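Report on the following structure.
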């Protein structure tokens, strides 16, 4: 209702909050309803929590971030491209960059998909995830998060052996009542 998750300080709004306002058929700009209504509730709740924290805090500590030049020098990301160690060879995975990730998700995990395409996507995403360096700046952190989200989406879609709403599995074209449920994936210390 107020966007709070089971992780303290983490809030979710819009489609991320799984409000189920639109079910499986959320198309085009229909997410605006969720973003406006539930986003406002999240902001109000966050403001309340922030005000309470400010009032409870006697002093505000500030951290100095390293200069941007230092972060860029330490970064292993250049224009969204990870440079993997040369000793690592990946026969089936293209180089990891944002355009390749977007193409993979569209081609293999898009609204029309199959078990084969989803399995290929999971394998490539798992390879990328295994070889990603620890993120040290915003671009590398964002790419890490996108790979993780892509893998979770692909694995959940692979588990769902049916078609639902606008999401069509060519190998499972029917909508089945037993699949009218959520799939929740968690990763604990690298093991699901």
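Numbering (our numbering), first residue to last: 7 to 198. Each residue gets a CB set at the ideal place from its N, CA and C atoms; glycine is no exception. Because the structure is a prediction, the values reported are computed rather than measured.
Check: Thinking C-beta only, is residue 164 closer than 8 Å to residue 125?; Outcome: yes
Check: Any idea if residue 56 is buried or exposed, counting beta-carbon neighbours within 10 angstroms, 16 or more meaning buried?; Outcome: exposed
Check: Which of helix, strand or coil does DSSP assign to residue 167?; Outcome: coil
Check: Run through DSSP, which three-state label would residue 175 get?; Outcome: strand
Check: Mind the definition here: the region 139–156 touches the region 101–116 only if three or more C-beta pairs lie below 8 Å; say whether that holds.; Outcome: yes
Check: With distances taken from CA atoms, which of 129, 111 and 182 is nearest residue 99?; Outcome: 129
Check: Pick out whichever of 140, 149 and 144 has its Cα sitting closest to the Cα of residue 102.; Outcome: 149
Check: Based on the DSSP secondary-structure assignment, which residues constitute the bridge partners of residue 119?; Outcome: 175
Check: For a quick check, are the C-beta atoms of residue 188 and residue 181 less than 8 Å apart?; Outcome: no
Check: Alpha carbon to alpha carbon, how far is residue 137 from residue 14?; Outcome: 29 Å
Check: Going by the DSSP bridge assignment, what does residue 10 pair with across the sheet?; Outcome: 17
Check: State buried or exposed for residue 191, treating a residue as buried only when at least 16 other CB atoms are found within 10 Å of its CB.; Outcome: exposed
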